[in-house]
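Trainee: One point on numbering: in UniProt numbering, the residue at position 5 of the sequence shown is 5, and numbering is uninterrupted. Here a beta-carbon is modelled for each residue, glycine too, at the ideal position from N, C-alpha and C. Please read all numbers here as calculations on a predicted model, not as lab measurements.
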Amino acid sequence: MTTNDSQEKLSRLQEAFSGQTRPPRAGALSASLTFTWRALLKIKYVPEQLLDVTFFPVMFTLMFTYLFGGALAGSTSEYLKFLLPGILVQTVVFTTVYTGVALNTDISKGIFDRFRSLPVWGPSPLVGMLLADTFRYTIASVIVMLLGLILGFRPEGGLIGVILAIVLVLIFSFSLSWVFTVLGLILRTPNSVMGISMTLLFPVTFASNIFVDPSTMPDWLRAFVDVNPVSLLTTAARGLMQGRAASADIIWVLLSSAILVLIFAPITMYLYRNKR
1 MTTNDSQEKL SRLQEAFSGQ TRPPRAGALS ASLTFTWRAL LKIKYVPEQL
51 LDVTFFPVMF TLMFTYLFGG ALAGSTSEYL KFLLPGILVQ TVVFTTVYTG
101 VALNTDISKG IFDRFRSLPV WGPSPLVGML LADTFRYTIA SVIVMLLGLI
151 LGFRPEGGLI GVILAIVLVL IFSFSLSWVF TVLGLILRTP NSVMGISMTL
201 LFPVTFASNI FVDPSTMPDW LRAFVDVNPV SLLTTAARGL MQGRAASADI
251 IWVLLSSAIL VLIFAPITMY LYRNKR
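#1: Counting pairs of beta carbons, one from the region 162-182 and one from the region 58-72, are three or more of them closer than 8 Å?
#2: Go ahead and pull the three-state DSSP assignment for residue 213.
#3: Mind checking whether residue 201 and residue 132 have CB atoms under 8 Å apart?
#4: Could you spell out where the alpha helix (DSSP H) holding residue 191 opens and where it closes?
#5: Between 126, 91, 12, which lies nearest to residue 34 when the distance is taken from Cα to Cα?
#6: For the ligand GDP, I want to know if residue 58 counts as a neighbour, meaning its beta carbon is within less than 7 Å of at least one of the ligand's heavy atoms.
#7: Does the beta-carbon distance from residue 145 to residue 102 come in below 8 Å?
#8: Going straight from the alpha carbon of residue 110 to that of residue 77, what length do you get?
#9: Could you tell me the distance, in whole angstroms, from the CA atom of residue 193 to the CA atom of residue 272?
#10: Determine the direct distance from the alpha carbon of residue 212 to that of residue 80, and round the result to whole angstroms.
#11: Quick one: any contact between the region 151-158 and the region 220-237, if contact means 3 or more CB pairs under 8 Å?
#12: Which whole-angstrom value describes the C-beta separation of residue 208 and residue 179, a residue pair presumed to lie in contact below a C-beta threshold of 8 Å?
#13: Which one of 52, 220, 135 has the shortest CA to CA distance from residue 334?
#14: From residue 100 to residue 5, what does the alpha carbon distance come to, in whole angstroms?
#15: Can you tell me whether residue 46 is helix, strand or coil according to DSSP?
#16: Between 186, 122, 249, 121, which lies nearest to residue 172 when the distance is taken from Cα to Cα?
#17: What residue ranges within the region 119-155 form continuous alpha helix (DSSP H) runs of no fewer than 4 residues, ordered along the chain?
#18: Pull up the distance between the alpha-carbon of residue 138 and that of residue 275, whole angstroms please.
#19: Terminal residues of the continuous alpha helix (DSSP H) containing residue 168?
#20: Given this structure, state the Cα-to-Cα distance separating residue 43 from residue 262, to the nearest angstrom.
#21: Under a Cβ-count criterion, where at least 16 other Cβ atoms within 10 Å of its own Cβ denotes burial, should residue 206 be classed as buried or exposed?
Quick look at the structure:
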């Protein structure tokens, strides 16, 4: 092949590319929804990811209701009325850990380096991932409520109360996910993200009013339980489902959610932009 032939082929190639119209830059919403769809497709091809939102809430509800319900509340039906909103909160809060694990997995495989090189809105991969996780939280919430209805749970607040309770739990969980995105960005492996996240979540969820009435606790523990955001969320969800929600409880949950986002979202974006 002569030099003239090579130059001719190069010029044809340049001409072919220069004749193409460059596609428009994706907007923030479009890019975020595309990354949301990518995360949902991962669930399609790896359905085991739904194990935590299907099997675990069923196991916890049955185990606590029938093992401890009679001892704690006198009957399983009375305990189920108290427990089910708490199980909803616990299930969704635990599911937020997987946001950090999935993020760390993508980083360790180099996928997020590729995302950061794309001409799209910078936060869109993170926003898309969080939106997809909200879908997982919704699945968990529906499963918990269906199981409760099967076992005899009848919310006095009706369908509206249940929907408002689920929406409140989703808002808080979306805000809490930003904590675990920070861990997903600073820790080295998915296993370490899982281990540290669970170490943080277990005392916060079990030292709350999910399973027992705080009035039976020692004063020092009750003082912590009363200000625990998980307790505030459980109280608000319980009140909405029972039709006796106090506006102060809901406001505290929304305020806690806003504080979590204001603190951890900027930290996440800073770490994301400067990740090496």
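Mentor: In brief:
#1: no
#2: coil
#3: no
#4: 190-206
#5: 126
#6: With respect to the ligand GDP, the structure shown offers nothing to examine, as it has no ligands at all.
#7: no
#8: 50 Å
#9: 16 Å
#10: 12 Å
#11: no
#12: So it is not a contact: roughly 17 Å between Cβ atoms.
#13: This structure gives no information on residue 334, because the portion of the chain shown stretches from 1 to 276.
#14: 53 Å
#15: coil
#16: 249
#17: 124-151
#18: 31 Å
#19: 158-186
#20: 29 Å
#21: exposed
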